[in-house]
Amino acid sequence: MNEQWWFCLKHMRVEPDKGCPNKDRMGPYGSEVEAANALKTAAERNKAWRAQDQDEDDD
Numbered sequence: 778m779n780e781q782w783w784f785c786l787k788h789m790r791v792e793p794d795k796g797c798p799n800k801d802r803m804g805p806y807g808s809e810v811e812a813a814n815a816l817k818t819a820a821e822r823n824k825a826w827r828a829q830d831q832d833e834d835d836d
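Quick note: the sequence shown uses the numbering used here, first residue 778, plus one each step.
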């Protein structure tokens, strides 16, 4: 089984499967590096979604 990684919002760190409750985490991610970039990835996606919403509102 592949190991999954999470980003803990409570402790602001990457955790393996056994860590804080899922309600306090983002993930799962396929690698430790992906989990470490969770906040950056979320911010980039949010920016893209806001731009898409703005484009739809302009139509």
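Built from N, CA and C at the ideal position, the CB exists for glycine as well.
The Cβ neighbour count for Val-810, taken over all protein chains shown within 10 Å, is under 16; the residue is labelled exposed. Beta-bridge pairing by DSSP links Met-803 to Phe-784. If you draw a straight line from the Cα of Phe-784 to the Cα of Pro-805, it comes to about 8 Å. Taking the Cβ atoms as the reference, Val-791 lies roughly 14 Å from Ala-819, outside the contact range of under 8 Å.
Around the CB of Ala-825, fewer than 16 other CB atoms lie within 10 Å, so the residue is classed as exposed.
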